[in-house]
Amino acid sequence: MWNCVDLILTSTLLWLYLQAAWILLVNFLYLTVPWLIWGAIIIHLLIKFAARIPPPNDNIVKKVLGADPLSFVQKEDDIFKIGEKQQQTNDDQQYCMRVIAHRGAGLDFPENSMSAFRNSHEKGCDGIEFDLALTKDNIPIIFHDVTIDRLTGFNGTIKDMTWDELKDYDISTNHPLKPKFEPNGERIALFENVLQETLQNGQRMFIDIKAKGNEVVKVVLDAFKKHPELYEKAVISSFNPVTIYMIRRKDPKIVAGVAWRPQFFSTTTYNGIDGPREPRFNNLFKQILAGLADVVHDWALERITYYVLGLSFILLHKDVISPHICWNTSMEVPTVRSLDCGIKEESEFLLGQSIYHLRKYTLQEISKFHI
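Using UniProt numbering, read the sequence shown as starting at 1 and increasing by one per residue.
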């Protein structure tokens, strides 16, 4: 009996000693080092050792994106011969990306269509960019818009329609060269078909993910598992950094980037003349939260997001390229630019490896660039 009481008393005293030591330690740290510093240290450790996904191997990134075009520039006059130097480099077995067909270059053929991708290959484009979406029954398709209205002339939302409902729509209905595709027109492409044909053609792929959630994460992971050559032939991107994080957390070997434009979370479209357009939400509270998300995302992208996600590049909306961005060479992630293969888009981003310092040159000089 007394042994039991003695054990209880001893345990109580030990607890009191530990509590007193803890209070003294906390007070000592509080008085000697500001909690702001401790908080910063804790956040730093969490980001570095818990949240961060390491970037893919540099050699893999170079195999996918190729050599930096500006690495061939020894002096300012060389910038006018950059295309010739890139071609020579390609001939020497060091790949250099020069032309990416945005949505397959949708001026000659319907955007994101198999015929557009084939045309881009025939014209010598190094790679293609396309948009990955999911149908209601989770079939991965290649489609940019949320709805089918613009391309088909009919009304409907992709995520609310099954593949059986979508597969017969003609996406050349509103194309300026529509008679060229009659009488059969053009149909929505399946993700798997595009992967197979593009890999066979030896082109690079920029897979821009429009869908969100666990379903599209699984689709991407399954695609890389089924086609291991994608690790050296394809990159993924999304405006939503959470999607990229979910994918790279499960497979950090995938080369990835984030697409960015002003006010993505709070508006549906953007262009350089009018700026942001339609609000994304009708609910005022949701719209305010989306605006706050834009502020946080813009601040964090070049400070934290790129590091946590292990990004290899950033895709910029074409209308946000400015002298500030052109001269900003201190960012860890290469800023990228686009060479649309014969197509002028209203609101898409720029792809590529680097940005010329445009303020050094006149328009006449820029027009001489060998791109």
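Every residue gets a Cβ at the ideal spot worked out from N, C-alpha and C, and that includes glycine.
- request: Output the distance between the C-alpha atoms of Asp319 and Val26, rounded to the nearest integer angstrom.
  value: 52 Å
message: Looking at the strands, I want to know which residues DSSP matches up with Thr147.
response: Thr157
Inter-residue spacing [alpha-carbon to alpha-carbon] between Arg261 and Leu14: 59 Å
query: Quick one: what's got a C-beta closer than 8 Å to Glu197's C-beta in the same chain, skipping five residues either side?
result: Met114, Phe117 and Arg118
- prompt: Should residue 380 be labelled buried (16 or more other beta-carbon atoms within 10 Å of its own) or exposed?
  reply: Any question about residue 380 goes unanswered here, given that the chain covers just 1 to 371.
message: I'd like the list of long-range same chain contacts for Val219, defined as Cβ closer than 6 Å, with 5 residues on each side in sequence excluded.
response: Pro140
- prompt: In terms of residues, what are the limits of the alpha helix (DSSP H) holding Ser120?
  reply: Met114 to Glu122
message: Applying the 10 Å Cβ sphere with the 16-neighbour rule, what's the burial state of Asn112?
response: buried
query: How is Val258 classed by DSSP in three states: helix, strand or coil?
result: strand
- prompt: Looking at the structure shown, is Leu289 part of a helix, part of a strand, or coil, going by DSSP?
  reply: helix
- prompt: If you follow the alpha helix (DSSP H) that Arg249 is part of, which residue opens it and which one closes it?
  reply: Pro241 to Lys250
task: Could you have a look at Tyr231 and say whether DSSP puts it in helix, strand or coil?
output: helix
field: Test item: CB-CB of Thr147 and Thr157 under 8 Å
entry: yes
- request: Provide the residue span of the alpha helix (DSSP H) that contains His44, from first to last.
  value: Trp35 to Leu46
- prompt: What is the C-beta distance between Asp208 and Glu278, in whole angstroms, given that I count them as a contact (C-beta under 8 Å)?
  reply: At roughly 20 Å, the Cβ-Cβ gap does not stay under 8 Å, so Asp208 and Glu278 are not in contact.
query: If you run the structure through DSSP and keep just helix, strand and coil, what is Pro179?
result: helix
Start-to-end residues for the beta strand (DSSP E) that takes in Phe130: Gly127 to Leu134
- request: Would you mind working out which of Ala105, Val216, Ala20 and Gly291 sits nearest Ser237, comparing C-alpha positions?
  value: Val216
- prompt: Under the rule that 16 or more other beta-carbon atoms within 10 Å means buried, what is Glu182, buried or exposed?
  reply: exposed
field: Nearest-angstrom Cβ-Cβ length linking Ala256 and Ile247, presumed shorter than 8 Å
entry: 7 Å
DSSP state of Asn3 mapped onto helix, strand, coil: helix
query: Given that a residue counts as buried once 16 or more other Cβ atoms are within 10 Å of its Cβ, and exposed if not, what is Lys48?
result: exposed
- request: Spell out the partners DSSP gives Ser238 in its beta bridges.
  value: Val258
query: Relative to the C-alpha of Phe224, which residue among Thr243, Asn214 and Leu195 is closest?
result: Leu195
- prompt: Helix, strand or coil for Tyr306 per DSSP?
  reply: helix
- prompt: First and last residue of the beta strand (DSSP E) that includes Ala67?
  reply: Ala67 -> no beta strand (DSSP E), and no H or E assigned at all.
field: Cα-Cα separation, Ser11 to Gly39
entry: 33 Å
- request: Could you check what DSSP says for Ile171 in three-state terms: helix, strand or coil?
  value: coil
- prompt: Taking Cβ to Cβ, would you say Gln203 is nearer than 8 Å to Gly127?
  reply: yes
field: Residue nearest to Leu221 in terms of C-alpha spacing, selected from Gln200, Asn59 and Thr243
entry: Thr243
message: Please tell me whether Thr135 and Thr162 are closer than 8 Å, where the distance is taken between their beta carbons.
response: yes
- request: Return the CA-CA distance between Lys159 and Arg249, expressed in angstroms with no decimal places.
  value: 25 Å
- prompt: Taking the alpha carbon of Pro176 as the point to measure from, which residue in Glu229, Pro34 and Phe109 has its own alpha carbon closest?
  reply: Phe109
message: Whole angstroms are fine: how far does the CA of Arg280 sit from the CA of Tyr270?
response: 12 Å
message: Considering only DSSP beta bridges, list what Ala101 is partnered with.
response: Ile128
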